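Chain order of the listed sequences is A and B. All residue numbers for the first sequence refer to this note's numbering, where the first residue is 760 and numbers rise by one. All residue numbers for the second sequence refer to this note's numbering, where the first residue is 760 and numbers rise by one. Working notes, beginning with the structure itself.
Number of protein chains: 2
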Amino acid sequence: MSENIKGLKRNYYCGELREANIGEEVTLMGWVAKERNLGSIVFVDLRDRTGISQIVFDDTVDAELFKKAEKLRSEFVIAIVGAVRERSSINEKIPTGKIEILAKELRILSESEVPPIYIKDDDNVAENMRLKYRTLDLRKPFMQNNLMVRSKFYKVTRDFFYNEGFMEIETPMLSKPTPEGARDYLVPSRVNEGKFYALPQSPQLLKQLLMVSGMDKYFQITKCFRDEDLRANRQPEFTQIDLEMSFVDIEDVIEVNERFLKYAFKEILNVDIDLPIQRMKYSEAMDRFGVDKPDLRFELELVDVTEIVKDSGFKVFESASVKGSSIRGINIKNGASFYSRKAVGKLEDFVKTYGAKGLAWIKITDEGINSPIAKFLSEDVINGIIKEMRGELGDLLVFVADKNNIVYDSLGNLRNHIAKDMDLISKDDYKLLWITEFPLFEYDEDEGRYVAKHHPFTSPMKEDLEYLETQPEIVRAKAYDIVINGDEMGGGSIRINNPAIQNRMFKALGFSEEEAEEKFGFLLEAFKYGAPPHGGLAYGLDRLIMLFTDSENIRDVIAFPKTQSATDLLTGAPVELSEEQLEEVHIKVIE
Amino acid sequence: MSENIKGLKRNYYCGELREANIGEEVTLMGWVAKERNLGSIVFVDLRDRTGISQIVFDDTVDAELFKKAEKLRSEFVIAIVGAVRERSSINEKIPTGKIEILAKELRILSESEVPPIYIKDDDNVAENMRLKYRTLDLRKPFMQNNLMVRSKFYKVTRDFFYNEGFMEIETPMLSKPTPEGARDYLVPSRVNEGKFYALPQSPQLLKQLLMVSGMDKYFQITKCFRDEDLRANRQPEFTQIDLEMSFVDIEDVIEVNERFLKYAFKEILNVDIDLPIQRMKYSEAMDRFGVDKPDLRFELELVDVTEIVKDSGFKVFESASVKGSSIRGINIKNGASFYSRKAVGKLEDFVKTYGAKGLAWIKITDEGINSPIAKFLSEDVINGIIKEMRGELGDLLVFVADKNNIVYDSLGNLRNHIAKDMDLISKDDYKLLWITEFPLFEYDEDEGRYVAKHHPFTSPMKEDLEYLETQPEIVRAKAYDIVINGDEMGGGSIRINNPAIQNRMFKALGFSEEEAEEKFGFLLEAFKYGAPPHGGLAYGLDRLIMLFTDSENIRDVIAFPKTQSATDLLTGAPVELSEEQLEEVHIKVIE
């Protein structure tokens, strides 16, 4: 049996009541978070998205009402009318802890069976249970808070860009399959037999066309889709803040986005970000940190010791002293005692997952140098290394000697690993960084050709244009990423707006004219009729919310996420369909 | 050859300059809308999304600059630096018509070939050309205005609902196929072989689950998808303002939405809407207007004359005097001379498209009654009809005798048709109307069972609950539509939050327990653990923008729309894909 709310009007949320409300008659509605029946008195914690209020049914209330109160169980939905009064045993932990409501009326709006998971933040239930019972999981205060932060961030973002003169424009979900990208999600057409739409990987081309159409400034918060194997913190559909501006160069895009970030950090976290945000060239980031998204909250920089060790006679080092390879190390301050020999072995296992053949190390201890490689190196060389790396008593120096990409990858990741190990990261520290001057191309071993590092519409830097055909590997792009605390939160570029350069770019990517026409013909066609200089940026919204809510799991910032195998445990999607249903869209399943 | 903007900083938009700016040096960027070379002077109209400014190159400018100006052609993208001065021949038609800019510097940022369509509002080019060259079409001032209104409306909507405490929450695009709805767009899964997602027809179930999860108030502006044959002003993907509230009944949902509509009309159109908005029961709307979305900007109400004519002896009328049929008419004031006999014949053709067998008519003229049916009716009956319909000299009375649904459908549509014909509709008039108390079910002849008129989660009215099993046809729903100027702009309902009633509803729809479980199991499961009373509403955003921009074509309010055969003429989507690409998602095309 369930009652209705007829005649009742909720006048407060459960988390709002304070001492100032004492004496007021209030009507609250929510879920029973907890009930305690002490025989002559029943206490109920009533919960809504704002918090909890304590409701009391004592021996002064009507007998029938008391009997009804005794029926209440966890997660019953109820409405309460009663008077706010001072609480005898104050609960300092909650904002409503100084008051309680003496019930005068109770309606049971909906009953509940015993829920399969507890509704509390620290319920250590398996994640698949949380996803299956998502409706209950979303009742947890931290999940409600995450979604509230997300909701506020949408507002903050849109307010900012709208006020800056950006037009919000929707681009289609049923779009053209993407050449030169990740794998598309496909949608068969019923009307156009045998043809397919793709869900957008990003509105990249369409936002550029909006600039060509004179919209001047565009933004959109939109879903994007990539059918890739899901790593941790990847979702098949994710949300992007997408923007594009006309008549701009790098500085203009960076300027407005710095003000946006400052505004967002202030509004969401009440944190002041100093402008301008630090900038670093891609080459410097790789050199100093081994990655293009360095976490600047801690040091542990890479040091190149190739010159020092190249003639040491130690084969491992000598063979890495050739062009394209190097020997680099990290000085782990005070690491000598933190990392036992066994623990250093684990660091070595870690770098091996990135392709390194091993991890050389030197401990600077009270008893002198402790190092398995010491016997291969002269004292001069060892001292040279220590000097270059500013080694001091108690430090642990670790080295990888390999091809540069392996050195960077292994030490860059090791750096983050050590910082976590040694607890070097302060939670409330936010380090923002622009990475600039990315390479325009990267060589794709599988395809045996250069591919665009960002996408084929990224403008080369003017000073490198002459090398587009002859030395594509040294051409830098007018591209920029925004990195926060070691995560890439967004990236963008100035685009090519000159059809002649766009054609040179396609050629450099190895496309024939026909291929370019087939893949991007509609873009090239549009560019014939006056394309303004333009550029933009896209943020990963889910990642920003993870940052703002200090979440480690992307599924904790999305209401209805998918598992790593791209299933929705709540609804059971995806599902099998009948042959008839598939025939309507002219397809069948193959084994 | 194209130049860049280095060193220039745009300081005004083209449409912003006024007499107050005379004497200022300005930097403008935009497209050449028009150029006139008078030999010793070149005029250029420079366009951006805000409007046009006239640029002048006269004999006082540098010779090289003049030569460059002579090269300008329509749709070249240029940057201009110059001084604002008074214009000698004032153009009163445009806001910048009192000034012009004497150029000092010109950069050609991008050239243009001769565009295939004209960039002007009244370019009467075929729509497929507009869609193919959408980038150029979007340069037209009216299209830019439409998208600007749309952009502003997003902002207005989100501001309103956010400030009312609604949380913006995204629901997934890759979702579960919908039972009991329109046809889904399907997405094959790569990871889950042989299984499919569907694009959402609406977030209906998920927004209800958000209420069950305690989010209290939810809204979202989101894309929805229906793979139906496209009629005019339908798109395969469309945009919905979706909202849901907890602990509410009809009045609460209506109240907040009335304030929203008032706010939106004021912000977008500067029109004041009086609250409360008029309400009308479904049965009254059908009776008076023949449709459930009456246009109240004109009269032409339906009048039931069954009682008057049932014993007239006229067979056509008598056979429609049985239960479920009727004879109804419309008094077309002053229609006797407006509609010639031939024109009335066209009205008859019109009602025949809605299944009517014919259109009887009576003209009240100076020379008495003029009517082909007069000979079948007594003077008393004719006078009775005229009296009932308040016929006066000059009026044309028209009648349909048939089953009620045909009478309603044909006269309801005829009513709108006549109002357009006779120009009875004032453009700046906005008539808003709530339609309430819809039937819960409608009978589906094809399926031979009752189906939900809205959806299976709509709550029956309490007073009709007892008839759910015995007389489903008379059960009314807690449903409401908002109708503006004869278009349904949105609709919603209070939902069932009681699992027992939900099960009765499923039974009434003819679902076995197993079917209900299979189709909606995850919803029923969630409802076991405390579902609050809840209800909501969804608006068709595209239709609202059509209203706000006075557009007749839905494609004029969408940046990149599809044709009626669901193709995108700009990009060419959908396209054929290789067998390999389809194999990856375990499907093949069948003939």
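All C-beta atoms in this analysis are idealised placements derived from N, C-alpha and C, irrespective of residue type, glycine included. Predicted model only: the values in this text are computed from it and were never measured.
Around the beta carbon of B:PRO938, fewer than 16 other beta carbons lie within 10 angstroms, which makes this residue exposed.
Contact between A:VAL1157 and A:ILE1091 holds: CB atoms are separated by about 6 Å, below the 8 Å threshold. A:PRO947 is bridged by DSSP to A:PHE955. Identification of residues in the segment 1269-1301 of chain B having a C-beta nearer than 7 Å to some C-beta of chain A yields PHE1281, ALA1285, LYS1287, TYR1288, GLY1289, ALA1290, PRO1291 and PRO1292, given in sequence order. Residue pairing of A:GLU845 in beta bridges, as defined by DSSP: A:ILE858.
Cβ atoms of B:LEU787 and B:ILE839 come within 8 Å of each other, at about 5 Å. Restricting attention to beta strand (DSSP E) runs no shorter than 3 residues, the segment 1072-1146 of chain B encloses them at 1084-1091, 1119-1124 and 1127-1129, ordered along the chain. For the set A:VAL908, A:TYR1209 and A:ASP1001, the Cα lying nearest the Cα of A:PHE1024 is the one of A:VAL908.
Neighbours of B:HIS1345 across chain A, judged by C-beta separation under 9 Å: VAL1348, ILE1349 and GLU1350. Looking at B:TYR1041, B:GLY1072 and B:TYR1288, the one whose alpha-carbon comes closest to that of B:LEU1136 is B:GLY1072. For A:THR1322, no Cβ of chain B is located within less than 7 Å of the residue's own Cβ.
If you compare the alpha carbons of B:GLU1196, B:ALA1259, B:ALA1267 and B:ILE1184 with that of B:GLY1207, the shortest gap goes to B:ALA1267. The beta carbon of B:ASN1257 falls within 7 Å of a beta carbon belonging to chain A, placing the residue at that interface.
Close to A:GLN1230, with beta-carbon spacing below 9 Å, lies no residue of chain B; the smallest spacing is near 23 Å. Flagged as an interface residue toward chain A: B:LEU906, by a C-beta distance shorter than 7 Å. From the listed residues B:ALA1160, B:ALA779, B:GLN994 and B:MET1248, the smallest Cα separation to B:VAL1068 is found for B:ALA1160.
For B:TYR913, the residues of chain A that pass the 9 Å Cβ criterion are ARG917, TYR921, GLU927 and GLU929, in the order they occur in the chain. No Cβ of chain B is located within less than 7 Å of the beta carbon of A:TRP1120. Going by beta carbons, B:ASP1001 and B:GLN967 fall outside the 7 Å limit. Look at B:THR1330: its C-beta is under 7 Å from a C-beta on chain A. Taken through DSSP and simplified to helix, strand or coil, A:LEU1191 comes out as strand. Under the DSSP assignment, B:LYS982 falls outside any alpha helix (DSSP H), being part of the beta strand (DSSP E) whose first and last residues are 976-984.
The bridge partners DSSP lists for B:PRO1219 are B:ALA1236. Three or more Cβ pairs drawn from the segment 1338-1346 of chain B and the segment 935-953 of chain B lie within less than 8 Å of each other, which places the two stretches in contact.
The segment 1080-1089 of chain A and the segment 1059-1068 of chain A touch, with three or more beta-carbon pairs separated by less than 8 Å. Going by DSSP, A:THR894 is part of the alpha helix (DSSP H) stretching over 893-896.
Residue range 1208-1211 is occupied by the beta strand (DSSP E) that includes B:ALA1211. For B:THR894, the nearest CB of chain A lies under 7 Å from its own CB, placing it at the interface with that chain. By DSSP's assignment, A:ASN796 forms a beta bridge with A:VAL801.
Residue environment for A:GLU996: buried (at least 16 other C-beta atoms within 10 angstroms of its C-beta).
DSSP, read as helix, strand or coil, puts A:PHE1307 in helix. Proximity of A:GLY973 to chain B, defined by a Cβ-Cβ separation below 7 Å, is satisfied. Excluding its 5 nearest sequence neighbours in each direction, A:ILE928 has C-beta neighbours in its own chain below 7 Å: LEU969, MET974, TYR977 and GLN979, listed in chain order. Proximity of the segment 812-819 of chain B to the segment 886-897 of chain B falls short of the contact definition, fewer than three beta-carbon pairs being nearer than 8 Å. Look at the segment 806-821 of chain A: the residues with a C-beta under 8 Å from a C-beta of chain B are ARG806, ASP807 and ARG808. For B:HIS1214, there is no enclosing beta strand (DSSP E), as DSSP marks it with neither H nor E.
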